[in-house]
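What follows is one structure encoded as structure tokens, with my remarks underneath.
Protein chains: 2
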Amino acid sequence: MSRWVTRPSHVAEVEGGGLARGFRAAGVAAGIKNSSPPALDVGLLVSDVEETVSAARFTASGVQAAPVLVCRERCRLDALRAVVVNSGNANAATGGRGLDAAAKMQGAGAMVSGVGEDRVAIASTGVIGVQLDDRKVVSGLLAARSELAEDGDARFGEAIRTTDGFPKQATLDVTLPSGVVRISAQAKGAGMISPRFATMLCFVQTDASVQAETADLLLGVCVKRSFDRISVDGQLSTNDTVILQCSGASGVTVAPESDDELRLGEALDYLLRRLALLIAADGEGSKRVGRVVVHGGHDEAVTRVARAVANSPLVKAALHGGDPNWGRIAQAAGMALPGTAPLALDIWIEDVQVCARGAAVPFDEPALAAAVAGDEVEYTIGLPGEGAECEVFFSDLSHEYVTINAEYTT
Amino acid sequence: MSRWVTRPSHVAEVEGGGLARGFRAAGVAAGIKNSSPPALDVGLLVSDVEETVSAARFTASGVQAAPVLVCRERCRLDALRAVVVNSGNANAATGGRGLDAAAKMQGAGAMVSGVGEDRVAIASTGVIGVQLDDRKVVSGLLAARSELAEDGDARFGEAIRTTDGFPKQATLDVTLPSGVVRISAQAKGAGMISPRFATMLCFVQTDASVQAETADLLLGVCVKRSFDRISVDGQLSTNDTVILQCSGASGVTVAPESDDELRLGEALDYLLRRLALLIAADGEGSKRVGRVVVHGGHDEAVTRVARAVANSPLVKAALHGGDPNWGRIAQAAGMALPGTAPLALDIWIEDVQVCARGAAVPFDEPALAAAVAGDEVEYTIGLPGEGAECEVFFSDLSHEYVTINAEYTT
Numbered sequence: 076m077s078r079w080v081t082r083p084s085h086v087a088e089v090e091g092g093g094l095a096r097g098f099r100a101a102g103v104a105a106g107i108k109n110s111s112p113p114a115l116d117v118g119l120l121v122s123d124v125e126e127t128v129s130a131a132r133f134t135a136s137g138v139q140a141a142p143v144l145v146c147r148e149r150c151r152l153d154a155l156r157a158v159v160v161n162s163g164n165a166n167a168a169t170g171g172r173g174l175d176a177a178a179k180m181q182g183a184g185a186m187v188s189g190v191g192e193d194r195v196a197i198a199s200t201g202v203i204g205v206q207l208d209d210r211k212v213v214s215g216l217l218a219a220r221s222e223l224a225e226d227g228d229a230r231f232g233e234a235i236r237t238t239d240g241f242p243k244q245a246t247l248d249v250t251l252p253s254g255v256v257r258i259s260a261q262a263k264g265a266g267m268i269s270p271r272f273a274t275m276l277c278f279v280q281t282d283a284s285v286q287a288e289t290a291d292l293l294l295g296v297c298v299k300r301s302f303d304r305i306s307v308d309g310q311l312s313t314n315d316t317v318i319l320q321c322s323g324a325s326g327v328t329v330a331p332e333s334d335d336e337l338r339l340g341e342a343l344d345y346l347l348r349r350l351a352l353l354i355a356a357d358g359e360g361s362k363r364v365g366r367v368v369v370h371g372g373h374d375e376a377v378t379r380v381a382r383a384v385a386n387s388p389l390v391k392a393a394l395h396g397g398d399p400n401w402g403r404i405a406q407a408a409g410m411a412l413p414g415t416a417p418l419a420l421d422i423w424i425e426d427v428q429v430c431a432r433g434a435a436v437p438f439d440e441p442a443l444a445a446a447v448a449g450d451e452v453e454y455t456i457g458l459p460g461e462g463a464e465c466e467v468f469f470s471d472l473s474h475e476y477v478t479i480n481a482e483y484t485t
Numbered sequence: 076m077s078r079w080v081t082r083p084s085h086v087a088e089v090e091g092g093g094l095a096r097g098f099r100a101a102g103v104a105a106g107i108k109n110s111s112p113p114a115l116d117v118g119l120l121v122s123d124v125e126e127t128v129s130a131a132r133f134t135a136s137g138v139q140a141a142p143v144l145v146c147r148e149r150c151r152l153d154a155l156r157a158v159v160v161n162s163g164n165a166n167a168a169t170g171g172r173g174l175d176a177a178a179k180m181q182g183a184g185a186m187v188s189g190v191g192e193d194r195v196a197i198a199s200t201g202v203i204g205v206q207l208d209d210r211k212v213v214s215g216l217l218a219a220r221s222e223l224a225e226d227g228d229a230r231f232g233e234a235i236r237t238t239d240g241f242p243k244q245a246t247l248d249v250t251l252p253s254g255v256v257r258i259s260a261q262a263k264g265a266g267m268i269s270p271r272f273a274t275m276l277c278f279v280q281t282d283a284s285v286q287a288e289t290a291d292l293l294l295g296v297c298v299k300r301s302f303d304r305i306s307v308d309g310q311l312s313t314n315d316t317v318i319l320q321c322s323g324a325s326g327v328t329v330a331p332e333s334d335d336e337l338r339l340g341e342a343l344d345y346l347l348r349r350l351a352l353l354i355a356a357d358g359e360g361s362k363r364v365g366r367v368v369v370h371g372g373h374d375e376a377v378t379r380v381a382r383a384v385a386n387s388p389l390v391k392a393a394l395h396g397g398d399p400n401w402g403r404i405a406q407a408a409g410m411a412l413p414g415t416a417p418l419a420l421d422i423w424i425e426d427v428q429v430c431a432r433g434a435a436v437p438f439d440e441p442a443l444a445a446a447v448a449g450d451e452v453e454y455t456i457g458l459p460g461e462g463a464e465c466e467v468f469f470s471d472l473s474h475e476y477v478t479i480n481a482e483y484t485t
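Pasting the structure below:
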């Protein structure tokens with residue numbers, strides 16, 4: 076567990092996982108991933124509650140995958156009951172044929188779930204620019220239907236992953252003033268991860284009874300503090316999707332602006348930040364995770380600097396090598412704020428100040444070298460002024476990242 | 076020689092190099108680089124002509140190195156006679172002490188050159204955030220004075236390099252309508268290279284007689300088409316400096332808006348693009364160079380897409396692996412233009428169209444795989460509309476880049 080995420084006292088881990096009440100899930104091998112032995116690559120997740128409400132967030136990219144376009148144009152995003160996901164193919168940059176395949180995937184999802192098409196969200200992840208074989212997806216969904224189970228979250232989570240090195244899911248029991256609710260979540264993502272969102276999928280289920288407006292509000296706030304704040308390689312994806320579904324099956328009602336809402340929000344915030352941090356830690360080839368916190372007087376300036384540092388391949392490579400090369404932090408900050416020289420920059424690495432008002436300060440080099448040798452390294456940057464702050468988590472840049480990405484399609 | 080740079084017919088290479096008339100240069104080992112045997116690390120370049128005019132360009136970073144600040148604040152940038160450069164230390168993020176060291180470097184340069192301090196430009200390159208030992212620079216300059224020579228460009232060029240894998244310099248004879256002039260240039264740069272400028276230094280000398288306004292105009296136009304259009308790792312540096320000096324020692328006068336000016340500009344454009352391409356080719360650990368050309372209807376859109384593609388570590392890794400993974404090109408373009416979906420994107424790799432109006436098109440995969448196995452790979456992107464175009468050269472992302480940058484200071 077990272078020191079950067081603290082579990083609230085009213086939140087308990089559920090060992091062994093399992094879905095929130097009202098949900099069932101499955102994962103099957105449909106032959107979309109070209110792997111031997113066959114890997115799980117089609118996931119199905121269904122709420123059995125007619126009144127289920129939902130909220131969703133998608134990539135801001137100008138090149139959006141067919142499933143994202145279909146979700147945005149053909150779904151009731153506030154009332155999603157089923158989610159269909161395939162891995163191994165992103166169905167992106169696939170034109171009209173890709174939209175047809177996505178529509179068939181949605182239609183098959185509706186059939187096997189027994190709900191209307193507009194209540195079925197679809198998502199894809201994998202290689203871009205290759206046509207998706209929708210017959211394989213449909214066959215997979217038929218098989219998945221008979222495997223739907225309340226503890227199907229592990230197989231569903233496995234079916235949505237691609238280059239991920241480890242599972243990213245959790246089940247929490249959350250004690251609200253009005254009663255106990257459960258939240259379960261399954262995420263994937265390890266490459267093409269940007270702080271402006273990420274090539275990542277995350278599906279969250281709760282059995283709390285929540286209004287659609289509340290679900291949208293909570294998801295929006297928590298995504299901004301989690302998946303919007305991680306960088307593996309600064310690359311915004313074509314397929315990013317986050318969906319929150321609320322079945323209400325616990326019987327616990329979370330009213331707007333209540334203490335229940337506050338507590339549920341804290342739990343969701345903890346959950347998504349934890350999953351986001353796992354994505355950064357699982358950055359392709361990653362060995363170490365960095366956290367940069369920038370404070371100063373201007374929201375835009377602190378955000379730009381935090382992202383520039385988190386995205387810098389030089390900072391990432393230094394993190395990889397356990398090299399306390401803070402000059403690259405100053406360089407990235409300066410690049411993010413052109414025309415501001417001389418910039419009165421303060422820099423700390425693991426609470427050791429290395430730069431004060433733009434100039435190097437003497438520090439204990441062996442102590443700092445030891446501090447940056449750990450699994451997590453924290454960088455703090457002070458810009459002039461007060462009141463604004465931004466944090467971004469980022470992975471390092473390793474030889475393995477190059478190996479993975481130089482040999483992906485071939 | 077790259078297919079992307081064509082030598083104009085009125086320009087001839089001078090085998091064996093040498094400086095333009097009126098200039099002398101030297102490079103010495105002053106002990107700033109911590110290497111064994113000692114490497115050249117202090118360079119001195121002097122014009123013997125009192126009437127020498129000049130032009131200069133510097134980094135736009137908010138964190139500017141002391142030598143850049145000193146040049147901007149204390150130099151007559153239109154009348155520089157001497158240039159003093161050290162490698163092995165960037166004298167950046169070094170505060171008041173760094174500014175003092177830079178001032179001493181400038182003062183020593185004036186002394187050994189016999190010119191006023193305001194006519195001495197200084198530049199530094201190397202590690203950031205470490206104080207520069209100005210006594211070593213001063214000792215080096217005293218030694219360099221006695222070594223100044225008309226063929227000192229090779230040693231000067233060597234003294235300004237850091238992680239460069241090969242020399243980047245050239246000497247050209249340029250036949251103008253009014254006579255023959257010579258241009259010589261020495262450049263360095265291999266990492267922290269961004270299309271918004273680069274961690275690079277370039278010093279250009281000509282014996283043409285040019286007005287300062289003309290020098291500034293020509294340098295500005297040519298930098299925009301060369302050093303402003305390359306990316307190794309998207310990292311804008313603290314020290315970027317380009318200086319053009321014109322001694323007039325050839326006796327050939329280049330009048331404003333004359334054919335002479337046009338021809339001299341063509342030669343300078345050729346020279347700087349060639350050096351810029353050498354910097355991209357020498358990108359830290361680089362094996363291949365890419366060129367992305369984006370055309371469409373909007374200047375800002377084509378520039379943003381070209382830079383996003385050139386800076387993408389995924390595109391760079393695919394270039395490295397000889398992987399025709401054009402989906403990453405679509406992804407980078409989409410990231411550069413959020414909110415424009417669906418984007419009618421066309422993509423060609425080496426004249427093979429792989430994407431038309433946003434969708435994959437069938438292509439000859441073995442032929443394309445062979446095409447991207449060469450030393451240079453060209454990517455063309457069409458956005459809607461016509462009239463705007465931007466090209467950026469970029470290096471690939473290799474294991475060696477990670478090795479070099481994970482172990483730089485330690």
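Chains Z and S, in that order, are what the protein sequence lines are.
So for the first sequence, the working numbering puts the first residue at 76; every next one is plus one.
So for the second sequence, the working numbering puts the first residue at 76; every next one is plus one.
For every residue, glycine included, the Cβ atom is placed at its ideal position computed from N, Cα and C.
- For the pair VAL202 (chain Z) and GLY184 (chain Z), the CB atoms are not nearer than the 9 Å cut-off.
- Looking at S:SER284, S:ARG210, S:LEU319, the one whose alpha-carbon comes closest to that of ALA176 (chain S) is S:ARG210.
- According to the DSSP assignment, GLU233 (chain S) belongs to the alpha helix (DSSP H) that extends over 228 to 234.
- At a cut-off of 9 Å between C-beta atoms, ASP421 (chain S) does not count as an interface residue with respect to chain Z.
- Boundaries of the beta strand (DSSP E) around SER259 (chain Z): 254 to 263.
- In this structure ASP357 (chain Z) is buried. Its beta-carbon is surrounded by 16 or more other beta-carbon atoms within 10 angstroms.
- Using a Cβ-Cβ cut-off of 9 Å, HIS395 (chain S) is close to VAL477, ASN480, ALA481 of chain Z, given in chain order.
- In the structure shown, SER214 (chain Z) adopts helical secondary structure according to DSSP, grouped into three states.
- Checking the DSSP bridge columns, you'll see LYS243 (chain Z) partnered with Z:ALA262.
- Against chain S, the CB of ARG432 (chain Z) has a partner CB under 9 Å away; the residue lies at that interface.
- Here the region 452 to 471 of chain S makes no contact with the region 220 to 231 of chain Z; the two share fewer than three CB pairs at distances below 8 Å.
- Shown here is that no member of the region 351 to 372 of chain S has a Cβ falling below 8 Å from a Cβ of chain Z.
- By the criterion of a C-beta distance shorter than 6 Å, ALA419 (chain Z) is surrounded in its chain by ARG432, GLY433, PRO459, once the five residues flanking it on both sides are discounted.
- With respect to chain Z, the C-beta atom of LEU472 (chain S) has a partner C-beta closer than 9 Å.
- Contact note: LEU418 (chain Z) reaches chain S through GLY137, VAL138, using a C-beta cutoff of 8 Å and chain order.
- Between GLY163 (chain S) and ILE107 (chain S), the gap from beta carbon to beta carbon is short of 9 Å.
- Within chain S, the residues whose beta carbon sits less than 8 Å from that of ALA167 (chain Z) are GLY402, ALA405, GLN406, listed in sequence order.
- Look at the region 390 to 425 of chain Z and you find these whole runs of alpha helix (DSSP H), each 4 residues long or longer: 402 to 411.
- When the five nearest sequence neighbours on each side are left out, the beta carbons in the same chain lying within less than 8 Å of the beta carbon of GLU461 (chain S) are those of HIS370, GLY371, GLY372, in order along the chain.
- Using a 10 angstroms sphere on the CB of ASN400 (chain Z), the tally of other CB atoms reaches 16 or more, which defines it as buried.
- Judged by DSSP in its simplified three-state form, SER111 (chain S) adopts coil rather than helix or strand.
- SER312 (chain S) reaches chain Z at GLN406, counting residues in chain order whose Cβ is nearer than 7 Å.
- The continuous alpha helix (DSSP H) containing GLU375 (chain Z) extends over residues 374 to 386.
- The residue among S:ARG230, S:LEU347, S:ALA130 with its C-alpha nearest the C-alpha of GLN286 (chain S) is S:ALA130.
- If you check the CB distance, VAL390 (chain S) and VAL467 (chain S) do not come in under 9 Å.
- Going by DSSP, ILE203 (chain S) is part of no alpha helix (DSSP H) at all; its letter is neither H nor E.
- DSSP places ALA177 (chain Z) in no beta strand (DSSP E) but in the uninterrupted alpha helix (DSSP H) bounded by 170 to 188.
- DSSP, read as helix, strand or coil, puts VAL317 (chain Z) in strand.
- Inter-segment contact for the region 81 to 91 of chain Z and the region 336 to 349 of chain Z is present: three or more beta-carbon pairs are separated by less than 8 Å.
- Taking C-beta atoms as the reference points, ARG236 (chain Z) and VAL103 (chain Z) fail to come closer than 9 Å.
- Proximity to GLY191 (chain Z) across Z:SER122, Z:ASP335, Z:SER214 peaks at Z:SER122, based on C-alpha coordinates.
- Counting only Cβ-Cβ distances below 7 Å, ALA392 (chain S) has contacts in chain Z at VAL477, ASN480, ALA481, in chain order.
- Counting the other CB atoms within 10 Å of its CB gives SER284 (chain S) a total of 16 or more, which places it among the buried residues.
- In this structure the region 472 to 481 of chain S touches the region 357 to 367 of chain S; the number of beta carbon pairs closer than 8 Å is three or more.
- The C-beta of SER188 (chain S) has 16 or more other C-beta atoms within 10 Å across all chains shown, which makes the residue buried.
- Residue-level contact by beta carbon fails for GLN286 (chain Z) and chain S, as no gap is shorter than 9 Å.
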